[in-house]
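According to the numbering used here, the sequence shown is numbered sequentially starting from 128.
Step one of this worksheet: look at the structure below.
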Amino acid sequence: MNWLYNDYQKLVQENNDAIAQLSGEDFKTLKNMFEYMTIYHISLFELEVIKKDLIGAIREAEIEGIDFKDTLGMPEKEFCDSLVREGTEHVWQERMVLTVRNLALQLFGFYTFFWVMWGAPGDYGISVVLLFVGIWSMVWDYITDYRIRGLCAYRLSDRKKHWLSLIGCGIFEAGYMAGLFYFGAKDIFIVRGNGVVIFLALFMLSAAAFFGNNYYWNKRAEKYNWR
128 MNWLYNDYQK
138 LVQENNDAIA
148 QLSGEDFKTL
158 KNMFEYMTIY
168 HISLFELEVI
178 KKDLIGAIRE
188 AEIEGIDFKD
198 TLGMPEKEFC
208 DSLVREGTEH
218 VWQERMVLTV
228 RNLALQLFGF
238 YTFFWVMWGA
248 PGDYGISVVL
258 LFVGIWSMVW
268 DYITDYRIRG
278 LCAYRLSDRK
288 KHWLSLIGCG
298 IFEAGYMAGL
308 FYFGAKDIFI
318 VRGNGVVIFL
328 ALFMLSAAAF
338 FGNNYYWNKR
348 AEKYNWR
């Protein structure tokens, strides 16, 4: 079992590499299908397995010289609905494990950055602004990756998606800077103490979250025939 790189990451990377090698039209088709399917609350690992099967189906269609869309027998959106509806398993632990890992790593990373930037003072801590930055980033990633892209997959043109993305980035930056200024001006510490001790504690927490996340996903992978 590889503790540094989990099977979920491996499958996601394999799918990303495979779709990048497809032709322009097939790439666009799968991109829309993948984005749309993210709105379903099913197992994230199962979703990647479905993606891998679809990539394989497109490759077979290319070998046979036929259009992949003709093999679906129904519109893309309906085909996605029928595929994902069969995958009814919703594992809330998956998202929770990812959330804990991301928050722990971001807290450690931001704490280290600000702590070092201020000269690694002996008296330091986890401030409200630090917690805000970590949570704000995670919430925004969830909104964009799992909600907006999926809801817009078959409703907006690529041009409109581009402009929506730019507007969304503007909103994110505005909210980020406003929150940073508001909380930063107050300089409130949630936890305060010896800077080195807090650094080591966050390091151990982030390491536990990182390796625990890999262990969890490697165990989840054993339930699927994905290799």
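Ideal Cβ positions, reconstructed from N, Cα and C, are used throughout, including at glycine.
All values reported here derive from a predicted model rather than from experimental measurement.
For Val211, same chain residues with a beta-carbon under 8 Å away, outside a window of 5 residues either side, are Met164, Tyr167, Ile169, Leu174, Ile177 in chain order. At a cut-off of 4 residues, the continuous stretches assigned as alpha helix (DSSP H) that sit fully inside the segment 215 to 244 are 219 to 244.
Annotated as distal: Asp208 and Asn321, with beta-carbon spacing of 9 Å or more. Between Phe172 and Tyr135, the C-beta gap is smaller than 9 Å, which places the two residues in contact. Taking Glu203 as reference, the option from Ala348, Ile190, Ile270, Asp153 with the minimal CA-CA separation is Asp153.
Between the segment 225 to 241 and the segment 178 to 198 there are fewer than three C-beta pairs closer than 8 Å, too few to call the two in contact. Taking the CA atoms as reference points, Leu199 sits about 16 Å from Lys158. Excluding residues up to 5 positions away in sequence, Tyr343 lie with their Cβ nearer than 8 Å to the Cβ of Gln220 in the same chain. For Val139, same chain residues with a beta-carbon under 8 Å away, outside a window of 5 residues either side, are Glu175 in chain order. Phe337 places its beta carbon less than 9 Å from that of Ala231. Here Tyr238 is actually not in contact with Ile262; their C-beta atoms are around 14 Å apart, not less than 8 Å. Burial check for Trp242: the Cβ neighbour count within 10 Å reaches 16 or more, so the residue is buried. Distances from the CA of Val255 to each of Leu234, Tyr269, Met265 were compared; the closest alpha carbon is that of Leu234. For Ser254, the enclosing beta strand (DSSP E) has its first and last residue at 250 to 254.
Inter-residue distance for Phe316 and Glu187 is about 58 Å (C-alpha atoms, whole angstroms). Around Val260, the same chain offers Phe237 as residues with beta carbons nearer than 6 Å, after the five sequence neighbours per side are excluded. Under the DSSP assignment, Gly339 falls in the alpha helix (DSSP H) whose first and last residues are 322 to 348. Looking at the DSSP output, Phe316 sits in a beta bridge with Ser254. Within the segment 183 to 208, no beta strand (DSSP E) run of at least 3 residues lies entirely inside it.
Measuring C-alpha to C-alpha distances from Phe161 to each of Lys137, Ser150, Gly151, Ile182 identifies Ile182 as the nearest. When DSSP states are grouped into helix, strand and coil, Asn133 belongs to the coil group.
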